[in-house]
Structure formats: C-alpha cells, structure tokens
Amino acid sequence: MEPQDGAAREDRVRYMLTFYAREEDWMALPKADRDAGIAEIGQWFAEHARAGKIVEGRRLGRGTKTVRLGRVRKKDLPMVSDGPFAETKETVGSYAIVEVKDEEEAVAIAKRWPAGGLVEIRPVAE
0 MEPQDGAARE DRVRYMLTFY AREEDWMALP KADRDAGIAE IGQWFAEHAR
50 AGKIVEGRRL GRGTKTVRLG RVRKKDLPMV SDGPFAETKE TVGSYAIVEV
100 KDEEEAVAIA KRWPAGGLVE IRPVAE
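Heads up: the sequence shown runs through residues 0 to 125, numbered per numbering that gives the first Met the number 0.
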C-alpha cells in the first residue's frame with residue numbers, strides 16, 4: 000500500500016499506537032453501545048488503511064491471562080510470572096502500526112481514535 004499523500008516510502012516513519020482501556024468500563028456499557036463502538040473502531044481502521052497509513056493493527060485477546068519473563072541480572076534465568084502487570088486497571092486492548100511523515104501526523108491519527116481511553120504513541124526503531 001503506497002502512501003497517497005505524495006510522500007515517498009523512504010520519507011515515512013513508523014509509530015506504534017497502543018490503545019489502553021479499562022475492560023470493566025467497556026463491559027459496563029450496554030451491548031448496543033459496545034456494538035456501535037466496535038463499528039466505529041472498524042471504520043477508523045478502514046479509513047486509515049485506505050489512506051495507506053496503517054501497516055498493521057490487531058485487537059489483543061481479552062482476559063487477564065498474561066505471562067511475563069523477567070531477569071534481575073542478564074546471567075540469571077528468566078522468572079516467569081502470570082499477569083496482568085499494569086500498575087493501573089487500564090490494559091492494552093489493541094495496537095496499530097502507522098506509517099506517516101512525522102510524529103505530528105501520528106498524533107493527529109491517534110486523536111481520532113473513537114474508543115476513548117489512553118493512546119500511547121512510540122516511534123518504531125528502524
């Protein structure tokens with residue numbers, strides 16, 4: 000998918016948009032509101048994919064089953080822990096990799112995220 004705003008592919012930068020939300024807040028909504036929200040999110044992804052901005056995006060599995068590996072020191076064996084691990088009740092629900100001309104454009108796309116919650120924007124290392 001080539002960018003449609005005239006920018007050459009090599010002039011593009013990738014950012015990861017990570018979408019956080021409180022699952023209990025989402026589940027507290029009436030089903031009709033959740034269905035409408037899912038439709039709006041689908042439209043958001045479709046719009047930015049058509050514009051050549053979304054490289055990849057997925058909803059993550061629901062629930063609290065998370066596994067994390069950690070080491071105190073590099074030579075230590077990994078310690079496996081079950082999650083969730085967020086210090087708040089907000090969890091990552093989905094993500095998108097966008098390819099844009101700059102951070103400002105990534106922020107503009109993220110501002111249009113229809114689901115509310117927190118959106119974290121980080122550059123992807125090349």
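For glycine and all other residues, C-beta sits at the position ideal for the given N, C-alpha and C.
Which listed residue (the options) has its alpha carbon closest to that of residue i
i	options	result
M15	P113, I96, V118	I96
R13	R111, L59, R61, D101	D101
E23	G116, E104, A45	G116
R111	V99, I40, K30	I40
Cβ shell of residue i (< 6 Å), same chain only, five flanking positions each side left out
i	result
W43	P113
A85	Unreliable placement is indicated for A85, whose pLDDT of 48 sits below 50; the coordinate value is still reported in the next sentence. Cβ within range, chain order: n/a, list empty.
T17	V91, Y94, E119
DSSP beta-bridge partners of residue i
i	result
R13	E98
G56	A95
R111	Looking at the DSSP assignment, R111 forms no beta bridge with any residue, so it has no partner.
R121	M15
A20	T90
Whether residue i touches residue j by CB criterion (8 Å)
i	j	result
G56	Y19	no
V118	A107	no
V54	E125	no
R121	G92	no
Exposed unless 16 or more other CB atoms sit within 10 angstroms - verdict on residue i
i	result
G60	exposed
A105	buried
Cut-off 8 Å between Cβ atoms - residues of its own chain near residue i, not counting five sequence neighbours on either side
i	result
E89	Y19, A20, R21, G116, L117
D34	none
D10	K100
Beta-carbon contacts of residue i that lie in its chain and below 7 Å, excluding the five residues immediately before and after
i	result
V123	R13, Y14, M15, I96
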